[in-house]
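Only one structure is covered here, and it is reproduced in the block below.
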Amino acid sequence: MEVKEGFRSGFAGFIGRPNVGKSTLMNTILGWKLSIVSPKPQTTRYVIRGVKTTEDYQLIMVDLPGIHKPFHKLGEIMTKTALKYAKDMDVNVMIVDASTRKPGKGDIYIAEYLQSLSVPRVLVVNKIDLVDRNEVDDIVSAFVEGLPAEFGDVVAVSALKGWNIDALEKTLAKYLPEGPLFFPPEMGTDVDLAIRISDIIREKILYLTHEEVPHSTAVIIDKLEDKGDIVVIYATIYVEKDSQKPIIIGKGGRRIKEIGTQARQELELILGKKVYLELWVKVKEDWRGKLGVLTDLGFTLPKES
Ligand SMILES: Nc1nc2c(ncn2[C@@H]2O[C@H](COP(=O)(O)OP(=O)(O)OP(=O)(O)O)[C@@H](O)[C@H]2O)c(=O)[nH]1
Ligand SMILES: [Mg+2]
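The sequence shown begins at 157 in my numbering and counts up one residue at a time.
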């Protein structure tokens, strides 16, 4: 694609507390599902880049892990990674949840940090479908006044319902500098296929298990082989304790079967062919706290700069 004069391109960091709807928002802007989404906090663990290319711009959205007070090494890596990425964006999009009605401690911490960076900021008040229509203005004001940062634009949206998303996209495009295509226009993401597959399996676990179990889970793709008419995938689900293994497996193997079925159906849609998916469950004691294991799983602390 020849880009026309004045073409803009750049990176928008989606940043905020866990569960505010960062991934949902990126998916809605993309118009297809890239990032996994769940009602549980700390769903996104990796940095997921989604690319939207139009005639006028290439918007590279960087969906970041939710920033939270970490209780283990994995949480520390996720939070530090998100904070670090925010430094290198063309615009940071701070997302908050309208249903909390005003900023919480975590929002204030994030706003303070973003204010300290010399990257323009946009505030997105998401989930306005959860509040009364005539309260939206007051809630937006409560965030604008309560957050210790200045924002170039403030947009209220519902990522889930698709409300005001076009306006937000246009707003974000304003912040992109003139520049070249960073990705071919047909490329929607640069996320590694094995990571996407492992995330999809983990998303099903997030829906089908409860309390600490989904958070104690990591999924590793041991084998990924395209055999022409079928893709063969072997994956291991790691849990932290012996007691969590039977929970993943379920009575008579029913839960792991359900996880496998749901994941396979989604993978077949993405890959456009039949998928054979085999899942194992193994225990890796306290893996979220062990840097060596985390490195093996692909999580590393960002370098200080
Ligand atoms: N009602 C409503 N729910 C939403 C909206 N946007 C997101 N959600 C829901 O909020 C929950 C969290 O959404 P995610 O997109 O996973 O949130 P996130 O900010 O990426 O979360 P982490 O990855 O854990 O940091 C899911 O159940 C979404 O369906 C919205 O506009 N309205
Ligand atoms: Mg997310």
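Here a beta-carbon is modelled for each residue, glycine too, at the ideal position from N, C-alpha and C.
Query raised in the report: Can you list the alpha helix (DSSP H) stretches of 4 or more residues lying completely in the stretch 222-249, in chain order?
Result: Scanning the stretch 222-249 for uninterrupted alpha helix (DSSP H) segments of 4 residues or longer gives 229-242, listed from N- to C-terminal end.
Report task. To the nearest angstrom, report how far apart residue 444 and residue 192 are at their CA atoms. Result -> 20 Å
Report task. Leaving out five residues on either side along the sequence, give the residues of the same chain with a beta carbon under 7 Å from the beta carbon of residue 196. Result -> Here the set comprises 362, 370.
Requested in this report: Within 10 angstroms of the Cβ of residue 342, are there 16 or more other Cβ atoms? Answer buried if so, exposed if not.
Outcome: exposed
Query - residue 314 - DSSP class collapsed to helix/strand/coil - result: strand
Report task. Say whether chain D places a C-beta atom closer than 7 Å to the C-beta of residue 424. Result -> Among the chains in the structure shown there is no chain D, since it carries only a single protein chain.
Query raised in the report: Looking only at C-alpha atoms, which of 212, 187, 181 sits nearest to residue 157?
Result: 212
Query raised in the report: Taking 6 Å as the cut-off, is the CB of residue 134 close to at least one heavy atom of ligand 1?
Result: Only positions 157 to 461 of the chain appear in this structure, which leaves residue 134 out of reach.
Report task. Would you mind reading off the limits of the alpha helix (DSSP H) that contains residue 182? Result -> 178-186
Report task. Quick one: residues in its chain with C-beta nearer than 8 Å to the C-beta of residue 285, no 5 flanking neighbours on either side, listed in chain order? Result -> Within the same chain, and ignoring the five residues on either side of residue 285 in sequence, the residues whose Cβ sits closer than 8 Å to its Cβ are 314, 316, 317, 319.
Query raised in the report: DSSP three-state call for residue 257: helix, strand or coil?
Result: coil
Query - Nearest residue (CA-CA) to residue 228, options 241, 354, 442, 451 - result: Comparing Cα-Cα distances from residue 228 to each of 241, 354, 442, 451, the minimum goes to 442.
Query - residue 266 in three-state terms, based on DSSP - result: helix
Query raised in the report: Taking just the CA atoms, how far does residue 310 sit from residue 328?
Result: 11 Å
Query raised in the report: Opposite residue 441 in the DSSP bridges: which residues?
Result: Note: residue 441 sits in no beta bridge, so no partner.
Query raised in the report: Nearest-angstrom Cα distance between residue 357 and residue 411?
Result: 12 Å
**Report entry** Pair within 7 Å by beta-carbon distance, residue 167 and residue 246
**Finding:** The Cβ atoms of residue 167 and residue 246 lie closer than 7 Å to each other.
Requested in this report: Give me the Cβ distance between residue 264 and residue 250, rounded to the nearest whole Å; I'm assuming they're in contact under 8 Å.
Outcome: Between residue 250 and residue 264 the Cβ distance is about 11 Å, and since that is not below 8 Å, they are no contact.
Requested in this report: Could you tell me whether any non-hydrogen atom of ligand 2 is closer than 6 Å to the CB of residue 179?
Outcome: yes
Query raised in the report: According to the neighbour-count rule (16 or more other Cβ atoms, all chains shown, within 10 Å of its Cβ), is residue 224 buried or exposed?
Result: buried
Requested in this report: Look up residue 214 in the DSSP assignment and say whether it is helix, strand or coil.
Outcome: strand
Query raised in the report: Do you know how far the Cα of residue 408 is from the Cα of residue 200?
Result: 30 Å
**Report entry** Cβ-based burial, residue 283 [other Cβ within 10 Å; buried from 16]
**Finding:** buried
Query raised in the report: Taking the C-alpha atoms as reference points, what is the distance between residue 531 and residue 335?
Result: The requested residue 531 is not part of the displayed model; the chain covers only 157 to 461.
Query - Under the three-state DSSP convention, the category residue 205 falls into - result: DSSP, reduced to helix, strand and coil, places residue 205 within a strand of the structure shown.
Query raised in the report: Looking at the unbroken beta strand (DSSP E) that takes in residue 277, where does it start and where does it end?
Result: 277-282
Query raised in the report: In terms of residues, what are the limits of the alpha helix (DSSP H) holding residue 363?
Result: Element bounds for residue 363: 349-364.
Query raised in the report: DSSP on residue 435, reduced to helix/strand/coil?
Result: strand
Query raised in the report: Which whole-angstrom value is the C-beta distance of residue 275 and residue 254, which I expect to be below 8 Å?
Result: Between residue 254 and residue 275 the Cβ distance is about 24 Å, and since that is not below 8 Å, they are no contact.
Requested in this report: With distances taken Cα to Cα, identify the nearest neighbour of residue 188 among 198, 206, 202, 351.
Outcome: If we check each option's Cα against that of residue 188, 206 comes out closest.
Report task. Would you identify the three-state DSSP class for residue 160, choosing helix, strand or coil? Result -> coil
Query raised in the report: Beta-carbon separation of residue 277 and residue 305 under 7 Å?
Result: yes
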